[in-house]
Structures are given as C-alpha cells and as structure tokens.
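> Numbering (our numbering), first residue to last: 87 to 327.
In this text, a Cβ means the ideal position worked out from N, Cα and C, and glycines have one as well.
Owing to the predicted nature of the structure, the values given are computational and were not obtained by experimental measurement.
Submitted below is the structure of interest, expressed as structure tokens.
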C-alpha cells in the first residue's frame, strides 16, 4: 500500500497530510484551507486554530477507534503535568497541542494494522512504531510547528535510552516529550484493549512506579503522583478504566 502526501499552503507554510480515505482527506483539506492564514501564529490561539487541531485529531479517530477521546485525555493530563512542573505560556501551550497530536502519524499506518483486533505481529509493530516519524514529517513542514513536531517525534523515547525512534536517553529527551510519553502510557494502561482489559488506577500507578527512572523520568513521575487523585476521580468512571 502506498501513501501520497497532500500539501496545503498557509502563509508560506506547508501542512502535509498522509493519505486518508478520499472522503476524509477531502474534508480535512477543505477545513484546513478555510482556516485562515493567521491560524498558525503563536500567541493568537484563535478558536479556528483549536478547531484545526480538533479536525486533525478527528481525522485519526476516523481510522482508529482507540484514538477516540484518547488524545484529549492525554492532552488534559499533559497540561496538568506541565503546569505542575512549572511550564507556562507558550511552552505549556506547545506541550498541550503536541499531546493532542501525538498520534497523528498513525494516519500513515495501514488500516489492517491500525484496526487489528488482536495482538500485533513483529512486522506490524514495526509499522506502528513508525508513527512518531510520520507525525514529525507531517507537522515539521510548517516552520511554526517545528517545536511541536519534535515533541511528537520523541514521545516514545525512554529515560533509559531504550525507546524509539532515536534511542535518546535522559535529559536529551525534551521535557515536553517526557511528559507526553508518561501521559500516553497512563491512558493506554487504564483503557481496554482488544488483547487485555484496562488496569485499575492503582495497578497503573504500580506500573508507573516500577518504571520510574527506566521508562519514565523520575521527576515527572513524582509530579504525576501529586495529580493522581485528581486524574483518578476525573476518569475512573469511564468505560474501561
């Protein structure tokens, strides 16, 4: 299966979208094109800008049922955690937006893999593991989204250097990516998957603690501990939590 790239030019920037089903691709392209030339201007944060982010997220959700509401929860957690760690203003905004778009690269993963109901085979995992790079390639074509694109690229890196795609280690991983990586893992563990039921929030915390300073930055984990009761109360009643 081949993937074409469709480009939309906005005030000198190119936003690239990996191939969607024709109807979805056309709809997304039209909405982006109608968004206005100023929607990527930092500091404005207009409603249309956030509408475009929601649109890109919805484009992924149209192909991947698991992504429905997942990106919003990860973004909410990342915002809380970023504030707890002292981020403010544009830096916090970038983390929040990147968290919304962290899985956008899955648009470029074949349907038969993305929607497979059971466990993935090794070659299928290899295809899934390309999604941070695909997401980076989509977002980095806009110079104003370069910082966000890097957070998307590195959100599956690990503190111990055993992550992907670059094998970055420790503080070489941007703080925003460390935040998103933890939040992504938390939501994945507390969600039902075809091959396993959701963990309870207590079980999830035990897993996070066990992987502190291995998969996750210990400082980020300690900040998450203070927020854990808030998150558990907010989301424990949802299906699969």
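So what does residue 279 bridge to, in DSSP terms?
For residue 279, which the question treats as bridged, DSSP gives the partners 282.
> Quick check on residue 322: does DSSP put it in helix, strand or coil?
If DSSP states are grouped into helix, strand and coil, residue 322 belongs with coil.
> Kindly provide the ranges of any alpha helix (DSSP H) runs that are 4 or more residues long and lie completely inside the stretch 211–255, ordered along the chain.
If we require 4 residues or more, the alpha helix (DSSP H) runs fully inside the stretch 211–255 come out as 217–225, 232–239.
> At the level of alpha carbons, what is the spacing between residue 164 and residue 318?
Distance between the alpha carbons of residue 164 and residue 318 is about 15 Å.
> Report the rounded CA-to-CA distance for residue 265 versus residue 299, giving the unit in angstroms.
Using only the alpha carbons, I get a separation of about 13 Å.
> Just to confirm, is the Cβ distance from residue 278 to residue 159 under 7 Å?
The answer is no: Cβ separation not under 7 Å.
> Is residue 254 near residue 184, with beta carbons less than 7 Å apart?
No, they are not a contact pair.
> Can you tell me the Cα-Cα spacing of residue 120 and residue 137, whole angstroms?
Here residue 120 scores only 44 on pLDDT, less than 50, and its place in the model should not be relied on; the value that follows carries that caveat. Computed Cα separation, rounded: 11 Å.
> Go to residue 295, then tell me how far its alpha helix (DSSP H) extends in each direction, as first and last residue.
It spans 287–296 - the alpha helix (DSSP H) in which residue 295 sits, taken as one unbroken run.
> Where do the ends of the alpha helix (DSSP H) carrying residue 200 lie?
Looking at the DSSP string, the run of the alpha helix (DSSP H) that includes residue 200 is 197–200.
> Residue 297 to residue 309, Cα distance in whole Å?
Cα to Cα, the separation comes out at about 15 Å.
> Find out if the Cβ-Cβ distance for the pair residue 191, residue 151 is shorter than 7 Å.
Going by C-beta atoms, residue 191 is not nearer than 7 Å to residue 151.
> Skipping 5 residues on each side, what residues in its chain have a beta carbon closer than 7 Å to that of residue 312?
Correct list, in chain order: 170.
> In angstroms, rounded to a whole number, what distance separates the CA positions of residue 210 and residue 198?
Distance between the alpha carbons of residue 210 and residue 198 is about 9 Å.
> Kindly list the residues whose CB is nearer than 7 Å to the CB of residue 281, restricted to its own chain and excluding five residues on each side of it in sequence; keep chain order.
Within the same chain, residue 281 has close Cβ partners 204, 205.
> Mind checking which residues open and close the alpha helix (DSSP H) that includes residue 257?
Note, residue 257: premise wrong, no alpha helix (DSSP H); not H, not E.
> Are there 16 or more other CB atoms within 10 angstroms of the CB of residue 258, so buried, or fewer, so exposed?
Flag for residue 258 reads exposed.
> Could you tell me if residue 243 is buried or exposed, where buried requires 16 or more neighbouring beta carbons within 10 angstroms of its beta carbon?
By the neighbour-count rule (16 or more Cβ atoms within 10 Å), residue 243 is buried.
> Are residue 139 and residue 180 touching if we call contact CB-CB under 7 Å?
For residue 139 and residue 180, no; Cβs fall outside 7 Å.
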